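As structure tokens, the structure follows; a few thoughts come after it.
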Amino acid sequence: MATRKLIKTGSFSLGRPSPKNEMTALDNKHIVLPPEMFSPELNILEMEGWLLSSIIMRIFKVFIDRFSYQKVSSLALREFIIDVCDAYLEVPYHNLHHATNVLHTTYVLLEKCGLFEKLNPDVLFATLIAALVHDIGHPGNNNLFEINSFSELALKYNDLSVLEQHHCALAFELIKKHNLNSIMSREDFCVFRKTIVTCILGTDMAHHKASTELLIKKTNTGFDFKNLDEQILACKLLLHAADIGNPIQSPEVCEEWSALVSQEFHNQSVRESELGLTPTHPLVSCEMSFYSGEMKYIQYVCLPYWEALTEIFPELRDELEKIYQNLRIFTEKHDELVRKNSVFQLEQYS
Ligand SMILES: [Zn+2]
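Sequential numbering from 23 applies to the sequence shown in the numbering used here.
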């Protein structure tokens, strides 16, 4: 099972004064970005924390150039991105690396599905912002922990999508602080806000079953992209696919992400025990239970969703194949440990 140290994220302004030029606001000529920047293979976990803000800025720069998008100031966007990076906490999984990974994957999925050609640029821009901020300020525990511990956030949001509402509220505080919507009309801002709120609230795992069922229904009808609400719905479902999509990565990278999730779950269980609460996640006591957990996650959570998504967007079949491959590998590793364990027990009792 892969292990990884907590990565310090460091300075996001990269030690340079704020640029004054709209054209270069999102560029940093001193940073060499990976050549495979827009490949699904890009491994965000390899990146030092301070590089992440440059990757995020590059994604938005490419988007802005592609659409000659003029409804946001690049200077304001730059300062917003730096603040967003700073607002992610140094928890094992729901940190800036995860946010950058989801933003990157969302971009790649939109591209692969041909949605940059089909959807309204305002919806696309808002979806990328939503992907970036979707876990902002995540404390490293789930909604159930917030609710069971009667946390301030749970009381504030009445136990409903507590963390997702928190992420939305924090994101809009920063949007307001940086006046990110200063060039948008009122109508533009309504679309921007609706897309971001819909996408972020759509990442609550409490809605996962309903989203899977909705996707399965959509395999018959597809999306009516002439309708703006359908466009927003498609973006919400795609962003959720990216959020649960670690198994579309290579087996080594997928396992690294899984180990980080497992670490965060473990930390939560420890805190729950300290508070006298029943642990939400079963403690992963050995490698065998780690692989067994991963197999269940892929089989029952990730695969049904991605199978339906790939039926609607056949362009994603390579990603679906990766999920099958990761399931096979986790199963082999699990079965090998079971076999070794039974040989060990036989030797002990013979
Ligand atoms: Zn997430």
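Quick reminder that beta carbons are idealized off the backbone N, C-alpha and C, glycines included.
All figures in this text were calculated on a predicted structure; none of them were measured in a lab.
- Is the beta carbon of Val155 within less than 7 Å of some heavy atom of ligand 1? Taking the sequence shown and counting its residues from 1, one reaches residue 155 at position 133. Val155: no, Cβ never under 7 Å from ligand 1.
- Run through DSSP, which three-state label would Gly71 get? Stepping through the sequence shown from its first residue, residue 71 is reached at position 49. Residue state for Gly71 is assigned as helix, using DSSP reduced to three classes.
- Message: Less than 8 Å between the beta carbons of Pro269 and Ile320, yes or no?
- Response: Translated into positions along the sequence shown, residue 269 becomes position 247. Translated into positions along the sequence shown, residue 320 becomes position 298. Yes. Within cutoff.
- Report the residue ranges of all alpha helix (DSSP H) runs contained in full by the stretch 92-170; include only those spanning at least 4 residues, in chain order. Correct list: 96-109, 118-134, 137-140, 143-155 and 165-170.
- Thr128 to Asn180 span [Cα, whole Å]: Position 106 of the sequence shown, counted from the start, is the residue given in the question as residue 128. Position 158 of the sequence shown, counted from the start, is the residue given in the question as residue 180. Distance between the alpha carbons of Thr128 and Asn180: 30 Å.
- Distance between beta carbons of Phe214 and Met206, contact taken as under 8 Å: Locating residue 206 in the sequence shown gives position 184, where the first residue counts as 1. Locating residue 214 in the sequence shown gives position 192, where the first residue counts as 1. Sure, about 6 Å apart at Cβ, within 8 Å.
- Item | Sub-8 Å separation of Leu175 and His188 beta-carbons | Within the sequence shown, the letter at position 153 stands for residue 175. Within the sequence shown, the letter at position 166 stands for residue 188. For Leu175 and His188, yes; Cβs fall inside 8 Å.
- Please confirm whether any heavy atom of ligand 1 lies closer than 7 Å to the CB of Val124. Locating residue 124 in the sequence shown gives position 102, where the first residue counts as 1. Val124 Cβ: within cutoff of ligand 1.
- Message: Is any non-hydrogen atom of ligand 1 found closer than 7 Å to the C-beta of His116, if you look at the structure I gave you?
- Response: Sequence index remark: in the sequence shown, residue 116 carries index 94 (1-based). Within the cutoff, so yes.
- Who are the near neighbours of Leu165 in its chain, counting only those whose CB is closer than 6 Å to its CB and skipping five residues on each side? If you number the sequence shown from 1, residue 165 lands on position 143. The sequence as given places Asn at residue 165; Leu does not occur at that position. Val184 and Leu185, listed in sequence order.
- Item | Extent of the continuous alpha helix (DSSP H) run through Gln290 | Numbered from 1 along the sequence shown, position 268 holds the residue referred to as residue 290. Per DSSP, Gln290 belongs to the alpha helix (DSSP H) from Pro273 to Glu296.
- Message: With a threshold of 7 Å (Cβ to nearest heavy atom), would His17 be considered close to ligand 1?
- Response: In the structure as shown, the chain starts at 23 and stops at 372, and residue 17 therefore has no counterpart that could be examined.
- Message: Closest to Glu277 by C-alpha separation, out of Gly315, Pro143, Leu137 and His126, would be which residue?
- Response: As a position in the sequence shown, residue 277 is number 255, starting the count at 1. Among Gly315, Pro143, Leu137 and His126, the Cα nearest to that of Glu277 belongs to Gly315.
- Item | Coarse secondary structure for Cys308, derived from DSSP in three states | The residue labelled residue 308 in the question sits at position 286 within the sequence shown. The three-state reading of DSSP puts Cys308 in coil, since its state is none of H, G, I, E or B.
- Contact test: Asp265 Cβ vs ligand 1 heavy atom, cutoff 7 Å: On the sequence shown, residue 265 is found 243 positions in, with the first residue counted as 1. Under cutoff, so the answer is yes.
- Query: By DSSP, does Tyr319 sit in helix, in strand, or in coil?
  - Reply: One-based indexing of the sequence shown puts residue 319 at position 297. Looking at Tyr319 - three-state DSSP - the assignment turns out to be helix.
- Item | Thr225: CB within 7 Å of a non-hydrogen atom of ligand 1 | Locating residue 225 in the sequence shown gives position 203, where the first residue counts as 1. Correct: Thr225 has its Cβ closer than 7 Å to ligand 1.
- Item | Burial state of Ser364 (16 or more Cβ within 10 Å) | Counting from one through the sequence shown, the residue named residue 364 turns up at place 342. Flag for Ser364 reads exposed.
- Query: Cα-Cα, which of Ile351, Ile86 and Asn43 is closest to Tyr313?
  - Reply: Reading the sequence shown from its first residue, position 291 is the one you call residue 313. Among Ile351, Ile86 and Asn43, the Cα nearest to that of Tyr313 belongs to Ile351.
- Item | For Leu141, the nearest candidate out of Lys248, Leu196, Leu48 and Lys344 (CA to CA) | The residue labelled residue 141 in the question sits at position 119 within the sequence shown. Among Lys248, Leu196, Leu48 and Lys344, the Cα nearest to that of Leu141 is on Lys248.
- Item | Buried or exposed by the 16-neighbour rule on C-beta atoms within 10 Å, applied to Asn242 | Translated into positions along the sequence shown, residue 242 becomes position 220. Per the 10 Å Cβ criterion, exposed.
- Hey, would you say Ile158 sits closer than 8 Å to Leu125, going by beta carbons? By one-based count along the sequence shown, residue 158 stands at place 136. By one-based count along the sequence shown, residue 125 stands at place 103. Not in contact: Ile158 and Leu125 (Cβ atoms no closer than 8 Å).
- Is there at least one non-hydrogen atom of ligand 1 closer than 7 Å to the beta-carbon of His230? Walking along the sequence shown from the start, residue 230 turns up at place 208. Checking the Cβ of His230 against ligand 1 gives no.
- Indicate the three-state DSSP secondary structure (helix, strand or coil) for His303 in the structure shown. For this step, residue 303 is matched to residue 281 along the sequence shown. Residue state, collapsed to three classes: coil.
- Task: Would you check whether ligand 1 has a heavy atom nearer than 7 Å to the C-beta of His188?
- Result: Position 166 of the sequence shown, counted from the first residue, corresponds to residue 188. Outside the cutoff, so no.
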